[in-house]
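Counted from 1, the sequence shown has number 91 at position 92 by numbering that gives the first Met the number 0; the numbering is strictly sequential.
Every residue gets a Cβ at the ideal spot worked out from N, C-alpha and C, and that includes glycine.
Just so it is clear, the structure is predicted and the values come from calculations on it, not from any experiment.
See structure below.
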Amino acid sequence: MQDTAPPSPPRQTPQPRMALVGASGWLGACIGPALLRAGVTAPHRFSAVYHRARSPAYDPWQDLEWAGSLQALAAPPEVVILSVRPQDFRRGHFPCPEALVISVMAGVPLEEVQARTGAARVIRAMPNALVETAQSYTPWLASGAASARDRALAQQMLRCVGTEAEVPDEHALDV
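Okay, structure coming up:
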């Protein structure tokens, strides 16, 4: 019997150009492929920024861009996901003042992410180890400059790896 499901309706908004810094790390190798599988962004609009080696988790997508830094990308991303160790973030250079920045780094407060990236629109999220099986519970918090559209995109992204909930303050992320 042939599948007779109607085609998916067209997307109302274009898929954002995303860069995932730390794409080859444990968390990045879970989040990036989940976003691509769910169609949150397209491979040709996704850049995997890595430090040491490319992750085989991205092998199914041949059209994505690999780069060693944000500065080496062919085009500036609209969304930057930071998935690096706090000490690497503090030693690195991650300017992206025009982007929505989504941090999944433990122990790096929202204000520090804003100061080091130059971005006003920042979302800090804390997925847990169940991100590997798309069953993570991810609390998150948005900066005051983050729009309703930014929040909706963050929710869509975080739902690719489980459930999510916006929390009232940063303390709730650090519990």
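Report the rounded CA-to-CA distance for valine 107 versus proline 94, giving the unit in angstroms.
Residue numbering aside, residue 107 sits at position 108 when the sequence shown is read from its first letter. Residue numbering aside, residue 94 sits at position 95 when the sequence shown is read from its first letter. Annotation: valine 107 to proline 94 spans about 16 Å, alpha carbon to alpha carbon.
Out of Pro75, Cys29, Thr40, which has the shortest C-alpha to C-alpha gap to aspartate 62?
Walking along the sequence shown from the start, residue 62 turns up at place 63. The residue with the shortest Cα to Cα distance from aspartate 62 is Thr40.
Among Asp87, Ile101, Tyr57, which has the Cα closest to the Cα of valine 78?
Counted from its first residue, the sequence shown places residue 78 at position 79. Here the closest residue by C-alpha is Ile101.
Considering only DSSP beta bridges, list what serine 102 is partnered with.
Reading the sequence shown from its first residue, position 103 is the one you call residue 102. Bridge partners of serine 102: Leu81, Arg123.
Which residue comes first and which comes last in the alpha helix (DSSP H) that contains glutamate 114?
Stepping through the sequence shown from its first residue, residue 114 is reached at position 115. According to the sequence shown, residue 114 is alanine rather than glutamate. Note, alanine 114: alpha helix (DSSP H), 109-116.
Measuring straight from C-alpha to C-alpha, what distance separates glycine 67 and aspartate 168?
Locating residue 67 in the sequence shown gives position 68, where the first residue counts as 1. Locating residue 168 in the sequence shown gives position 169, where the first residue counts as 1. In a straight line, the C-alpha of glycine 67 is about 33 Å away from that of aspartate 168.
Near glutamine 155, what residues of its chain come up, given a Cβ to Cβ distance below 7 Å and the 5 sequence neighbours on each side ignored?
On the sequence shown, residue 155 is found 156 positions in, with the first residue counted as 1. Taken in chain order, the residues that qualify are Val39.
Have a look at tryptophan 60 and proline 42 and give me their C-alpha separation to the nearest angstrom.
As a working mapping, residue 60 is identified with position 61 in the sequence shown. As a working mapping, residue 42 is identified with position 43 in the sequence shown. About 6 Å.
Using alpha carbons as the reference points, say which of Gln70, Trp65, Ala73, Asp58 lies closest to proline 32.
Within the sequence shown, residue 32 is the residue found at index 33, counting from 1. Cα-wise, what sits closest to proline 32 is Asp58.
Looking at the secondary structure, which residues open and close the alpha helix (DSSP H) in which glycine 27 lies?
In the sequence shown, the residue the question calls residue 27 occupies position 28. Segment 27-37, the alpha helix (DSSP H) holding glycine 27.
I'd like the span of the alpha helix (DSSP H) that includes alanine 147, first residue to last.
Here residue 147 refers to the residue found at position 148 when the sequence shown is read from its first residue. Alanine 147 -> alpha helix (DSSP H) spans 147-158.
Do isoleucine 122 and alanine 164 have their CB atoms nearer than 8 Å?
Here residue 122 corresponds to residue number 123 of the sequence shown, with the count starting at 1. Here residue 164 corresponds to residue number 165 of the sequence shown, with the count starting at 1. Result no, Cβ atoms of isoleucine 122 and alanine 164 do not sit closer than 8 Å.
According to DSSP, is glutamate 165 part of a helix, a strand, or is it coil?
Here the question's residue 165 lines up with position 166 in the sequence shown. DSSP places glutamate 165 in strand when its eight states are reduced to three.
According to DSSP, is arginine 131 helix, strand or coil?
The residue you call residue 131 lines up with position 132 of the sequence shown. For the record, residue 131 in the displayed sequence is glutamate; it is not arginine. It is helical.
Leaving out five residues on either side along the sequence, give the residues of the same chain with a beta carbon under 6 Å from the beta carbon of threonine 116.
If you number the sequence shown from 1, residue 116 lands on position 117. The answer, listed in chain order, is Phe93, Cys95, Val100.
What residue range is occupied by the uninterrupted beta strand (DSSP E) comprising serine 142?
One-based indexing of the sequence shown puts residue 142 at position 143. Element bounds for serine 142: n/a, residue is neither H nor E.
Give me the Cα-Cα distance between valine 166 and glutamine 134, rounded to the nearest whole angstrom.
By 1-based counting over the sequence shown, the position of residue 166 is 167. By 1-based counting over the sequence shown, the position of residue 134 is 135. Those two C-alpha atoms are separated by around 18 Å.
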